Amino acid sequence: DAFSLSKPLLNKMAMAAGIQFNPEQTYGERIDRVTYRAHAQGAMRKADGTCRTETDQKEICLEDEEQKYRIEFADKAARGITDDKQAKAAAEIFKGTWTKATNKWGKTV
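So our numbering is basically just the index in the sequence shown, starting at one, shifted up by 34.
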């Protein structure tokens, strides 16, 4: 529950494991303003040739997750962007001019 994989990665992993998802029974729904429920159904061929299906769901309430994400993003904001590729992407998104600033000792920051 600590990390979430992207849909393309999950599909690649499922294909490698021989799992096929049923798109008609794999969907997400918003329950209320801050709650989301995801449903998934997949099938896997067993060694004897028969298929085994599994269905599961996961419900996420953003109010419950808020504190965890608030701490995570506060840490990221304090550390700044350390990856060069991410820094270039952010610079492209947030184009503008940087103003020179100095700290209380007169050094440029």
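Where a beta carbon is used, it is the ideal one built from N, C-alpha and C, also for glycine. Just so we're clear, the structure is a prediction, and the values are computed from it rather than from any experiment.
Query	Result
Need the endpoints of the alpha helix (DSSP H) that Ala125 sits in, please.	118-127
Is Glu99 helix, strand or coil when you go by DSSP?	helix
Please report the Cβ distance between Glu63 and Arg71, rounded to the nearest whole angstrom; I am assuming they are in contact, meaning their Cβ atoms lie under 8 angstroms.	5 angstroms
So the candidates are Ala125, Phe55, Asp82, Cys95; which of them puts its Cα closest to the Cα of Gly76?	Phe55
Along the beta strand (DSSP E) that carries Ala77, what are the first and last residues, could you check?	69-79
Give a yes or no on whether the C-beta atoms belonging to Thr133 and Val143 are separated by under 8 angstroms.	no
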